[in-house]
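When you line the sequence shown up against my numbering, it's residues 1 to 77, in that order. Data block below; observations after.
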Amino acid sequence: MIDKANHWDLRLNHSTGSKSRLLFSSVNHQHLIDITLQSSIAEQVITRVLANNWNAEELINYLNSEVVANEHALAIS
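See below:
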């Protein structure tokens with residue numbers, strides 16, 4: 001059974017050029033996560049977040065690792 005406290009909905013997906021702003025909220029409305037990242041990875045991040053049942057800390061850790069990894073890849077390319 002899915003723990004609704006750890007289920008996330010996408011509330012905003014707004015792209016401007018190379019950046020996308022994503023806004024996720026927990027189904028129980030206890031948490032709101034707002035992140036800006038490279039548009040090139042936005043769909044991948046959305047798919048992964050909606051497919052997983054992370055708590056807020058796990059979601060933030062995932063988002064931070066994706067953004068850092070992507071920024072590092074851009075810097076060396």
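Glycine included, every Cβ here is placed at the ideal spot set by N, Cα and C. If you're wondering where the values come from, they're calculated on a predicted model, not measured in any experiment.
Notebook entry, point to check: Of the choices L10, L59, I60, whose alpha-carbon is the least far from that of F24?
Noted result: Considering only alpha carbons, the answer is L10.
Item checked: Endpoints, the alpha helix (DSSP H) within which Q100 is located -> Since the first residue shown for the chain is 1 and the last is 77, residue 100 is missing from the structure and cannot be characterised.
Check: To the nearest angstrom, how far is it from the Cα of H31 to the Cα of W8?
Finding: 9 Å
Next item on the list: Give a yes or no on whether the C-beta atoms belonging to N55 and N6 are separated by under 8 Å.
Entry: yes
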